[in-house]
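Protein chains in written order, with the numbering used here: chain A, 41 to 487; chain B, 298 to 473; chain C, 753 to 1153.
Where a beta carbon is used, it is the ideal one built from N, C-alpha and C, also for glycine.
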Amino acid sequence: MVSMTELLTLLPLPSWIVLTIAGAIQAALLLVVALCSAVIFIWLERKVSARIQDRLGPTRVGGRFGWLQPPADGIKLLLKEDLIPAAADRALYRLAPYISFCATFCVFLALPFAAGWVALQLNVAAFFVLAVAGLEVFGVILGGYSSGSKWSLYGAMREAAQVISYEIPLALCVVVVVLLAGTMDLVEIGRQQEGWLWNWNIFNPFAFVTFWVYCTCALANTNRAPFDLPEAESELVAGFLTEYSGFRWVYFFMGEYAAMFAVSGLGAILFLGGWNGPVPVSQWLGLSVDPHGLGAWIDAAGNWATAHIGIHEHVCFAAWLGNLLGMCNFVIKAVLGATCMIWVRWTMPRLRIDQVMTTCLKYCVPIASAMIAGVLVWSFVFPSGVVAYVTAQLRPAIEHREAAPPKAPAKKTATKSTARTIPRGELGEGGGAGRSLLVYGTEEVER
Amino acid sequence: MNAEAIRDRLHQPFGPWLVGSDFAAIDPWIEVRSEGLSEIGRYLREDPDLAFDMLHCITAVDYFQPDEKKAAQVEWQPHVELIYHLSSTVHHHRLVLKARLPRWKDDKPGQMPEAPTVSNVWSTAEWHEREVFDLMGVRFVGNRDMRRILCPEDWVGHPLRKDYEMPTEYHGIQAR
Amino acid sequence: MLTERMDPETLEFDVRTDEMLINMGPQHPSTHGVLRLVLRTDGEIVTEVTPHIGYLHRCAEKIGENLTPRQFLPYTDRLDYLAAMNMNLGWSLAVEKLLGIRVSEKTRHLRVVIAELNRIANHLVAAGCYGLDLGSFTPFTWTFREREKILNLFEEVCGARLTYSYITPGGVTADLPPGWLDRCEAFLKQFEPVIGDLHAILTNNKIFIERTAGVGVLTPAMALDYGVTGPNLRGSGVDWDLRRDGEPIYTEMYEGYTWRIIAPVNGRYPDDHPYPAIPKEAVVGDSWHRYFVRMLEVVQSMDLIRQGMEKYLRAAGEVDKPIDVKKKLPKGEAYLETEAPKGQMGFMIIGDGSPIPWRVRLRSSSFCNLSVMGQLCRGVLVADVPSIGGSLDLVLGEIDR
């Protein structure tokens, strides 16, 4: 598959310029994704909340469904006076929104939208995402502290207490999946869930429990209701946002909604199969790097066309199309996740700070820890998955039966079960268990 | 227990403090000397047969007619009257207690008249007495928080007094 | 140096965090108007709450001394503007008590219907805003949607949606428009299932229970001591409602109606209402019970409205017209408290023989209900302050008068 950098090397330019341009293009693309997702979520939130509350929500702006409402809001906010309270620490007050937004934005760097469609494929992507997303709290604390308002300070302190506490169970949830997958590479984790619906991590019993803990922690980490204590409007006026207005406020706001997409996307990759649909359509159609069937035809046709306009490099059109399909899957999952977050927000009252801490320390952390222990045991018992384990256990019996005079129904079940294990078995070799994690670990050390 | 029976009941311990009553009025009332308010209040609340556990309201009425022509026609001397509305959730009976105060302490204008507090008997009185202090200018001795409650701290005068003059201006805001 | 460090007092002084004074209001989203609370906090813990009121003070009592009772009626609308009909009713009854007049049976039943309808509207606002205080926006819009329908009914009756001046001393300004009772019945019918929705989204919500049960526990003794009345008093398990225990001029309105006072006496509510089970975390007198009493009173008021409409239809004669604007008041004083939705609203009127009263006194229920706030909020968390304040259902128009 050809990457953007490779495409750009076709241009007669020195390599450092090419790299810079490629980086800029990717960053711009990501920014567009982050901002668009924020804008779409703001619109979605208004519409969903309106429907929950028996209202219509925006209907006029943009003709129908009020689809231009968020840009209109944005323009209004841009035109607002840039107010800085007299008691504020001006430099920090100005800096805070950007820190917050950049931290969220950086998560998108390592978030794969499809197999290989990732700005930065890191072998420690899961770790990177957690680490970078955690930086968002600095912006909030700075903003709250520098506003020179007691309400803001309260909001900042709550954010600090809450987000830092919830990082722990959130990280533990990610660790469960990492243990299961044997890699921290999000692309690899996504690739392992290829195939049918039941290959998704969520169908592992431990990951299933972990998923709900992850949902709770993700809500808490993005300050969404019922964990929106840092900006609790009925208690703290607007928490750390109290003194912010205009475009600085927009930055925080965008950051919040982009973070919603980021955690939903991360959840989709870790638990819900990432870019893989419930049915392996792109495999059937042969839309991969190694195309066959329809994919081969598309590839041939595309390359014939490019050759006609003078590009003789081989371009994997089939894989590109498959990735597009995968990205649609991924985006749908992330949007569904975000919709659930919106739904929860508009139906739940807010927790109190002690209850937030109780939820974290008494429920989320122990459950996540138990799941880690469970997954460890699981990986040693079933090093390459349950199906592989069961077939391995059954193999002597099957072989025995095959050796014996064939009985039609028995043979049928046997073939069926082996047929199913094929993709899973391959996955197991790819590094799907605790044993391979150890291998992975040594590799890391050797490097 | 009706007001008459309550008066009889109070007569034994507080005889000298009971100065008047009207049992034919719409709300039958008993008038007591102002210095006895606190003790009588405590008795009314704590006596098991009376058990006035709820103080509804403290009202102060300024009997003063600024218009001299009209003042000649009224039958009362200028005074401030305190009215306490009590009831018992146990015995379901009601009582109106009144006390008369001079408009000014020692008849020196500007010197607030004083009455003993009943806030140590019913906590309701705490804010009601503050309100009377604020709007009528009666100082309740023993109330631990004798501040204005509805008007600003620096307000001049007591608006419910009949001779009250609204200031023309308050902190640069035209008031009239 | 070492001994100094070991000294526990010095150590305590070293690690003690500073207290912070926070000004909550008068422009705060959850102080229900222009209430100002000064919180003394130690981190998230509130050590002291001092309410400051008077931002809406217009000395309505002084205004009352310059107007005749009917002219003063619109000012009563502005006391508890969420239950203006009940304010009108209280004032009208107080004036009637002084004048010694009794309205006709038909008028009484009409007043019951209107007052109870307004009670529903008030409790809907209370429940919705309480949800809002706890961070749940949706019940607020649902309850306001239903309240709008009640306001539509009131608009048909008197032309106003907030300040009605409908129940006047001597009677009501006009009889019901034709077909109104059917529309009222239609409203009640469609409203019934909505109560179930509200129970689902708030009353039975786990987080709602966590936030309200055991928070701001008001003991019966404390409630009576501070003159706390209305649903707040009944939420503490005191069996006291002026509709039954009030003065005859008021209680005769409810004669012939079947109803029971809703209060968790000995932890049990009267069991003739369909309602969700009481969570085991709830303590009698806490915020949850105060809220729940209101929700049950909504159901009860619907029942009373239905009975009232039936009696109104059966009663002979016409509804009474208001008294003359410049009717002379007799010498004497009359004090009357009625069971307004927020508590016992008292009106006192002292006549001196002229049409203008010598003195008017307004005993506000929210005023007394607020006075207990400082006690309830001692040692709670910052988030509990709106939770307790909201459960007391305050309205500043009435507190500041």
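My understanding is that C:Leu1038 touches C:Ile1013, with C-beta atoms under 8 Å, so please give their C-beta distance in whole angstroms.
-> Contrary to the premise, residue 1038 of chain C reads as Asp rather than Leu in this sequence. At roughly 19 Å, the Cβ-Cβ gap does not stay under 8 Å, so C:Asp1038 and C:Ile1013 are not in contact.
What's the C-alpha gap between A:Val164 and A:Val215?
-> 12 Å
Cβ-Cβ distance between B:Met433 and C:Gly979 below 9 Å | no
Cβ neighbour criterion (16 or more within 10 Å) applied to C:Tyr918 = buried
Check the Cβ of B:Ser420 against every Cβ in chain C and list those closer than 9 Å, keeping chain order.
-> Met974, Asp977, Tyr978, Gly979, Ser1123, Val1124, Gln1127
Ordered along the chain, which non-local residues of its own chain (more than five positions away) have a Cβ less than 7 Å from that of C:Ser844?
-> Ile919, Thr920, Pro921
Round the Cβ separation of A:Gly230 and A:Ala155 to the nearest angstrom and send it over; I've been treating them as touching at under 8 Å.
-> 7 Å
In chain order, which continuous runs of the beta strand (DSSP E) of length 3 or greater are located wholly inside the region 770-848 of chain C?
-> 772-776, 788-794, 797-804
Pair within 9 Å by beta-carbon distance, C:Ala926 and C:Val1112 | no
Whose CA, out of C:Asp1152, C:Arg1153, C:Ile1140, C:Ile1151, lies closest to the CA of C:Cys881?
-> C:Ile1140
Could you tell me which residues DSSP pairs with C:Gly1095 in its beta bridges?
-> C:Ala1092
Chain-ordered residues of the region 377-390 of chain B with a beta carbon less than 7 Å from chain C | His382, Thr386, His389
Ends of the beta strand (DSSP E) at B:Ala412?
-> 411-413
When the cut-off is 9 Å and only beta carbons count, does A:Pro389 lie next to chain C?
-> yes
How big is the Cα-Cα spacing for C:Arg913 and B:Pro375?
-> 44 Å
In three-state terms, what does DSSP make of B:Thr465?
-> coil
Is the region 186-199 of chain A touching the region 271-286 of chain A, taking contact as three or more C-beta pairs under 8 Å?
-> yes
Compare the C-beta of A:Pro54 against all C-beta atoms of chain C and say whether one is closer than 9 Å.
-> no
Between A:Ala247 and the rest of its own chain, which residues show a CB-CB distance below 7 Å, the 5 nearest in sequence each way excluded?
-> Val216, Val217, Leu220, Asn241, Phe311
Hey, how far is the Cα of C:Trp1011 from the Cα of C:Met1047?
-> 15 Å
Residues of its chain near C:Leu933, where Cβ-Cβ distance is below 8 Å and the 5 sequence neighbours each way are ignored = Met1061, Tyr1064, Leu1065
Cβ distance (whole Å) where B:Asp324 is taken to contact C:Tyr1087 below 8 Å | 5 Å
Which chain A residues sit within Cβ distance under 9 Å of C:Phe939?
-> Neighbours of C:Phe939 on chain A: none; closest Cβ ~16 Å, over 9 Å.
Same chain only: Cβ atoms within 8 Å of C:Asn1018, ignoring 5 sequence neighbours per side = Gly989
Determine which residues of the region 950-963 of chain C have a Cβ less than 7 Å from any Cβ of chain A, and write them out in chain order.
-> Ile953, Asn957, Ile959, Phe960, Glu962, Arg963
Residue of C:Leu1128, C:Asp1072, C:Tyr1043 minimising C-alpha distance to C:Ser856 = C:Asp1072
Anyone know if the C-beta pair for C:Ser1118 and C:Lys1094 falls short of 9 Å?
-> yes
With DSSP run on the structure shown, which of helix, strand or coil describes B:Gln309?
-> helix
Within this structure, are the beta carbons of C:Leu950 and C:Ala879 separated by less than 9 Å?
-> yes
Roughly how many whole angstroms lie between the Cα atoms of A:Leu59 and A:Ala67?
-> 12 Å
A:Pro125 touches chain C at which residues, Cβ-Cβ below 8 Å?
-> In chain order: nothing, as chain C lies at least about 15 Å away.
Any beta-carbon of chain A closer than 9 Å to the one on C:Trp1040?
-> no
By the criterion of Cβ-Cβ separation under 7 Å, what are the contact partners of B:Met485 in chain C?
-> Since the first residue of chain B shown is 298 and the last is 473, residue 485 of chain B is not available in this structure.
Who are the Cβ neighbours of A:Val79 in its own chain at under 6 Å, not counting the five residues just before and after it?
-> Pro110
Is DSSP giving C:Thr920 helix, strand or coil here?
-> strand
Is it true that the region 259-266 of chain A meets the region 382-402 of chain A, where meeting means three or more beta-carbon pairs spaced less than 8 Å apart?
-> yes
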